[in-house]
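Taking this note's numbering, the leading residue of the sequence shown gets 158, the next gets one more, and so forth. The next block holds one structure in the form of structure tokens; read it before the comments.
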Amino acid sequence: MITSFQDLIESRPPWSTFLIWYLRGIAIILICGGVIYWARIIGIVEWRGLWFWDMPIAMQGAIVFFAVLDLVAATGLWLTVSWGTVMWLFRCFCQIVMHTAFSDLYGRRPYEISFYLLTVAIYAALAYLMHKENRAGSS
Numbered sequence: 158m159i160t161s162f163q164d165l166i167e168s169r170p171p172w173s174t175f176l177i178w179y180l181r182g183i184a185i186i187l188i189c190g191g192v193i194y195w196a197r198i199i200g201i202v203e204w205r206g207l208w209f210w211d212m213p214i215a216m217q218g219a220i221v222f223f224a225v226l227d228l229v230a231a232t233g234l235w236l237t238v239s240w241g242t243v244m245w246l247f248r249c250f251c252q253i254v255m256h257t258a259f260s261d262l263y264g265r266r267p268y269e270i271s272f273y274l275l276t277v278a279i280y281a282a283l284a285y286l287m288h289k290e291n292r293a294g295s296s
């Protein structure tokens, strides 16, 4: 029975469980994003008043790139394989570069960049806590 805050902390699941569920939550977000990108490509939804075929080539390329990358990264994150995390981190990096270095083509999105940085920071914190817990448990 949990009678104190310390008991609550000690009875929590391992950090690896939190990390797995966090990555699966990110995977669900990526699946939704991938589906939206594909809906733009096949002409179900427009983006900022433009249909896919009316967009500049740079924007079309980015949409196709992320339509594929989101679903690949989501699959890897859901399966909790290392390449899924790498693909997701690569995706975050690409979005940050797009909206900073190439903001004249893709626009500035400070809230989106903040979201990516926050999600990567949470991942890093959970991975650190899991590693620390695993190291303490093996000694």
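For every residue, glycine included, the Cβ atom is placed at its ideal position computed from N, Cα and C.
C-beta atoms of residue i and residue j nearer than 7 Å
| i | j | result |
| --- | --- | --- |
| residue 209 | residue 283 | no |
| residue 249 | residue 285 | no |
| residue 198 | residue 224 | yes |
Host alpha helix (DSSP H) of residue i (start-end)
| i | result |
| --- | --- |
| residue 105 | Shown here, the chain extends from 158 to 296; a query on residue 105 therefore has no answer. |
| residue 227 | 214-235 |
| residue 243 | 239-255 |
| residue 199 | Here residue 199 belongs to no alpha helix (DSSP H), and DSSP marks it neither H nor E. |
Nonlocal neighbours in the same chain, by C-beta distance under 8 Å from residue i, ignoring five residues either side
| i | result |
| --- | --- |
| residue 279 | 179 |
| residue 297 | Residue numbering for the chain in the displayed model covers 158 to 296; residue 297 lies beyond these limits and cannot be assessed. |
With 16 other Cβ atoms within 10 Å as the buried cut-off, status of residue i
| i | result |
| --- | --- |
| residue 240 | exposed |
| residue 191 | buried |
| residue 288 | exposed |
| residue 268 | exposed |
| residue 215 | exposed |
Contacting residues, own chain, Cβ-Cβ under 7 Å from residue i (five flanking each side not counted)
| i | result |
| --- | --- |
| residue 251 | none |
| residue 235 | 181, 184 |
Contacts around residue i, its chain only, beta-carbon distance under 6 Å, and the 5 residues preceding and following it disregarded
| i | result |
| --- | --- |
| residue 226 | 248 |
Next on the checklist: Would the region 231-238 count as touching the region 177-191 if we require 3 or more Cβ pairs under 8 Å?
Outcome noted: Contact between the region 231-238 and the region 177-191 is present, with at least three C-beta pairs closer than 8 Å.
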